[in-house]
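If you read the sequences in order, they're chains U and P.
Take our numbering: the final residue in the first sequence is number 343, and no numbers are missing along the way.
Take our numbering: the final residue in the second sequence is number 686, and no numbers are missing along the way.
Glycine included, every Cβ here is placed at the ideal spot set by N, Cα and C.
Quantities reported herein were computed from a predicted structural model and do not represent experimental measurements.
These notes concern the structure reproduced below.
There are 2 protein chains.
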Amino acid sequence: MLFLIGSAKRFAQVKPGRNNMATRSGEFDLIARHFAPIAQKSKAALSLLDDAALLSPPEGHEIVITVDALVSNVHFRSQDDPGDIARKVMRVNLSDLAAMGAHPLGVLLTSGYNRDLSEDWIATFADGLGQDCEAFDAPLLGGDTVGTPGPTFFSLTAIGAVPAGRAMRRDAAKPGDVIAVTGTLGDGALGLKVLQDSLGGLTEEDSAYLSSRYWLPQPRLKTGIKCAVGTGRYAAMDISDGLAGDCRKICSASGVGMIFDQERIPLSQAAMNAVQGDPALWASVLGGGDDYELLICADHADIKALGDDVTIIGEVTDQVEQVDLIGADKKIAELAKGGFDHF
Amino acid sequence: MLFLIGSAKRFAQVKPGRNNMATRSGEFDLIARHFAPIAQKSKAALSLLDDAALLSPPEGHEIVITVDALVSNVHFRSQDDPGDIARKVMRVNLSDLAAMGAHPLGVLLTSGYNRDLSEDWIATFADGLGQDCEAFDAPLLGGDTVGTPGPTFFSLTAIGAVPAGRAMRRDAAKPGDVIAVTGTLGDGALGLKVLQDSLGGLTEEDSAYLSSRYWLPQPRLKTGIKCAVGTGRYAAMDISDGLAGDCRKICSASGVGMIFDQERIPLSQAAMNAVQGDPALWASVLGGGDDYELLICADHADIKALGDDVTIIGEVTDQVEQVDLIGADKKIAELAKGGFDHF
């Protein structure tokens, strides 16, 4: 169903209440008003008239598909900006496409709206979604909208395309590869601390920068596509749960080890200010999540081909699943699995 | 993320408790135990190792994609069989593929498990899902699993392929077309009444049949594919919200009207027994939902080409958006939009 509420019959009915979804002018109207205009920009959505969306994948390409969900009181708070929530659920999924080297073809959205949510909230969410659909050329193809007595949730499916045989995989790293990352690390985890009021001593500007990085990760589509359309061999993934833990997924899939150089890890000015004030925050930089930067392993020449998009931070070794860090003191220590827990 | 819990950092943490998700041997283990074995049957899932699933669409085909969600206490009850819930969320989505004439390539599942749910419940759900993945050749390609403090929810994305240019659309009906349906109508709505204890006087066998039809609709993939691979012009949709309401979607998209013959509407023996006992139940047959049968409009010869898969129940007219029913008394009356509300 495309934005049809109640495509499966309900055992419990939506109860009328003040200013909630049931008393607004109908849930179908709500969707038509806020989401149909976004979707109508895509031919594939068939103007939300049909049972499913129809896509013509570009010739010689494979389809990449991923889904990620956000739940209120788990992944976001009720006081957070609905537009930021929309863009976050878009971007965490687009980041998965980027990690495979795919370009977006479109997205489908399942929304479970708590019945007491205001229409303003939903309108702001739809605005944020629409902005990112445009910004990343990832049209809204369809979805499903349901009311829920529980916390609001969103599940976004992103579909992309990658030249056949060129998807970046986690199992393609080889000893001797250099390891590079896009952007800067640690901003997401430090931004979460700012939002949780557990990171003081920063300027207002730094705090704002870090929390914006938590909310608005930058899916590295351009870099991912550059890898996929080239001729090099690239292993890649996106760092969503922290470098220390995530890098082991490539180690495990490729049967390799890694060694990182702490001094080469790229930090934003705000993150640098934070760790200079409190070096213990390096634990968050290395072990915290929500960066959504790409971790890429490849021959030195193939990494060089990516130019300024990436920073080299280490090397792939033949020490299977052994991950080490050359610290600021030049000593080598194991970068523990649990990331910041054991750092 | 493929079945990675906490790909976005949580504001609230999962609280430990007795026999709930947090105290089991880890949420990732849970997924590995119950869902990875299902997913590993598909090469496209990359054994859940990568950021996204990778699919090679068959040459000369378009991609069809749809999503539908079920929420506890809205679309199912906590006492319902988890295996039935899994198969229902599969089948309502596969039915959307069938309505476009597509064959399944695979599915992705977002699960939001209430934290007090037992592992047995989840295991039974996974079993049901696995059964239908096999039965419909729709492999599990990936997904996302989150814990929620609220009602359990599922959102399933189904991907299929249809020969290019052959997807069945709602806007292709023409005056003079005959209208046909697959299977029998009304079983889903009557089955819901059985489950809600609001339909008495039936034999145990009839009651069981109707409730099984509510839980286990039959996605008409075979018939849909037959239409798409043929040469005829077919307009189609699946009847999820009831014939009376759903048929208007084709009328509106195609700019046509319809006339149905009540006596030709195919009923199961159980539904026939029900309406013979209480003719007012015709309102549920015509206006109730959850049948997931296909409504197909085409030239008489193209409908005939579908053989025994379908029953002719009416004709497309040039009376734009006018829907009439020839009743058992041979009188013509308008089949009201609201289905059973105004019948």
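- At a cut-off of 8 Å between beta-carbon atoms, residue 405 of chain P makes contact with chain U.
- Remark: three or more beta-carbon pairs, one from each stretch, lie closer than 8 Å, so the region 603-617 of chain P and the region 653-668 of chain P are flagged as touching.
- Annotation for residue 246 of chain U: 239 place their beta carbon closer than 6 Å to its own, counting only its chain and skipping 5 residues before and after.
- In the DSSP assignment, the residues bridged to residue 496 of chain P are P:414 and P:455.
- 88, 89, 92, 93, 95, 96, 97, 98, 99, 100, 102, 105, 106, 108, 109, 110, 111, 112 and 114: these are the residues of the region 88-118 of chain U whose beta carbon lies less than 9 Å from some beta carbon of chain P, given in chain order.
- Remark: C-beta atoms of residue 633 of chain P and residue 560 of chain P approach each other more closely than 8 Å.
- Residue 375 of chain P has a beta carbon lying at 8 Å or more from every beta carbon in chain U.
- P:399 is the residue among P:413, P:608 and P:399 whose C-alpha sits nearest the C-alpha of residue 449 of chain P.
- Residue 203 of chain U sits in coil when the DSSP states are folded into three classes, being neither helix nor strand.
- In this structure, the beta-carbon distance from residue 629 of chain P to residue 579 of chain P does not fall below 8 Å.
- Contiguous beta strand (DSSP E) elements confined to the region 284-341 of chain U occur at 293-298, 310-317, 323-326 and 332-334, taking only those with 3 or more residues.
- Under the DSSP assignment, residue 538 of chain P falls in the alpha helix (DSSP H) whose first and last residues are 530-538.
- Residue 564 of chain P is not a Cβ neighbour of residue 624 of chain P, given a cutoff of 8 Å.
- Judged by beta-carbon spacing, residue 144 of chain U lies within the 8 Å limit of residue 412 of chain P, meaning their Cβ atoms are closer than that value.
- Residue range 462-478 is occupied by the alpha helix (DSSP H) that includes residue 475 of chain P.
- Distance from the CA atom of residue 322 of chain U to the CA atom of residue 474 of chain P, rounded to whole angstroms, is 39 Å.
- In terms of beta-carbon proximity, residue 513 of chain P lines the interface with chain U, with at least one pair separated by less than 8 Å.
- By alpha-carbon distance to residue 456 of chain P, the top candidate from P:525, P:497, P:443 and P:442 is P:497.
- Assignment of residue 510 of chain P by DSSP, reduced to helix, strand and coil, places it in the coil class.
- At a Cβ-Cβ threshold of 8 Å, residue 410 of chain P and residue 66 of chain U do not count as neighbours.
- 399, 400, 405, 406, 407, 408, 409, 410, 411, 412, 413, 414, 416, 417, 418, 419 and 420: these are the residues of the region 399-429 of chain P whose beta carbon lies less than 7 Å from some beta carbon of chain U, given in chain order.
- For residue 38 of chain U, no beta strand (DSSP E) segment is defined; the enclosing uninterrupted segment is the alpha helix (DSSP H) at 36-39.
- Taken through DSSP and simplified to helix, strand or coil, residue 424 of chain P comes out as coil.
- Around residue 90 of chain U, the same chain offers 132 as residues with beta carbons nearer than 6 Å, after the five sequence neighbours per side are excluded.
- Distance between residue 232 of chain U and residue 479 of chain P, taken at the CA atoms: about 38 Å.
- Scanning chain U for C-beta atoms nearer than 8 Å to the C-beta of residue 396 of chain P yields 64, 65 and 66, reported in chain order.
- Residue range 483-491 is occupied by the beta strand (DSSP E) that includes residue 489 of chain P, with no alpha helix (DSSP H) assigned at that position.
- Residues of the region 177-190 of chain U with a C-beta less than 9 Å from any C-beta of chain P: 188 and 189, listed in chain order.
- When the beta-carbon positions are compared, residue 614 of chain P and residue 525 of chain P stay at least 8 Å from each other.
- For residue 568 of chain P, the enclosing alpha helix (DSSP H) stretches over residues 564-572.
- Residue pairing by DSSP leaves residue 620 of chain P without any beta bridge partner.
- Within 8 Å of the CB of residue 164 of chain U, the CB atoms of chain P belong to 399, in sequence order along the chain.
- At a beta-carbon threshold of 7 Å, the residues of chain P lying near residue 146 of chain U are 412, 414 and 417, ordered along the chain.
- The distance from the Cβ of residue 64 of chain U to that of residue 97 of chain U is about 6 Å, consistent with a contact at the 8 Å cut-off.
- Going by beta carbons, residue 152 of chain U and residue 500 of chain P fall outside the 8 Å limit.
- Of U:161, U:278, U:188 and U:228, the smallest CA-CA separation from residue 212 of chain U is found for U:188.
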